[in-house]
Structure formats: structure tokens, C-alpha cells
Amino acid sequence: MNAKIEKMAEKMGARMEKMDEKMDARNNKDMDEKMETRDEKMNATIEEVNGKMEMMDVKINKQIRLTEKFLREVETNKNEIEEIKEQMKVMKILSDKIWSQWGIS
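Each residue of the sequence shown is one higher than the last, beginning at 326 in the working numbering.
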């Protein structure tokens, strides 16, 4: 009788081991699927972030070009103002000469 019980216990142990192996395989498969899903989501997020970064680069480069254009215009205006100042000096000198010819200072 003890031998029969031991044999049944061995069979039950073997069955339990097989069930454990199946459960481990299922868990590994589930984990693999979860990891794959997580990787896919992470890759999608990375692609989305990269797309947004590219858009920001485009916007930043556009802003840089606009700023450079503005600075060139400011420099041009500054040069024009200097030219006008020089012209005003010449006009003042000429005006003083004309007034002095008429005896008015």
C-alpha cells in the first residue's frame, strides 16, 4: 500500500512539475508579449518626441533667420541714420555760410 501511495505521489509530483513548466512557459510568453508591447509603445513615443524635436528645430531655425534679418535691417537703418547725420552737418555748414553772407549769424 505504501508503494502504491509513493507511486501516486511520484506521478502527482511529475504532473505538478509539468504544470509548473507550462505555467512558466505561459508566464514567459506573457512577459515577452508585455515587453514587446512596452517596446512598441516606447518606440512610438520616441518617434513622436523626435518628430516634435524636428518641428522645434525648424521653428528655431526660422526664428534665427528672422532675427538675423532683423539685425541686418537694424544695421542698415543705423548706417542710414549716420548718413543722414552727416548730411545734416553739411547742410548746417552750408546754412551757416549762407546766413553769414547775408550778415546774419
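Even glycine gets a Cβ: it sits at the ideal position worked out from N, Cα and C.
How is residue 427 classed by DSSP in three states: helix, strand or coil?
Coil.
Determine whether the Cβ of residue 413 lies closer than 9 Å to any Cβ atom of chain B.
Absent from the structure is chain B; it holds one protein chain and no more.
Return the chain-ordered list of same chain residues with a C-beta closer than 6 Å to the C-beta of residue 403, the five sequence neighbours on each side being excluded.
Excluding residues within five positions, none has a Cβ falling inside 6 Å.
Looking only at its chain, what residues have a beta carbon closer than 6 Å to the beta carbon of residue 383, apart from the 5 residues adjacent to it on each side?
Excluding sequence neighbours, residue 383 sits near nothing in its chain.
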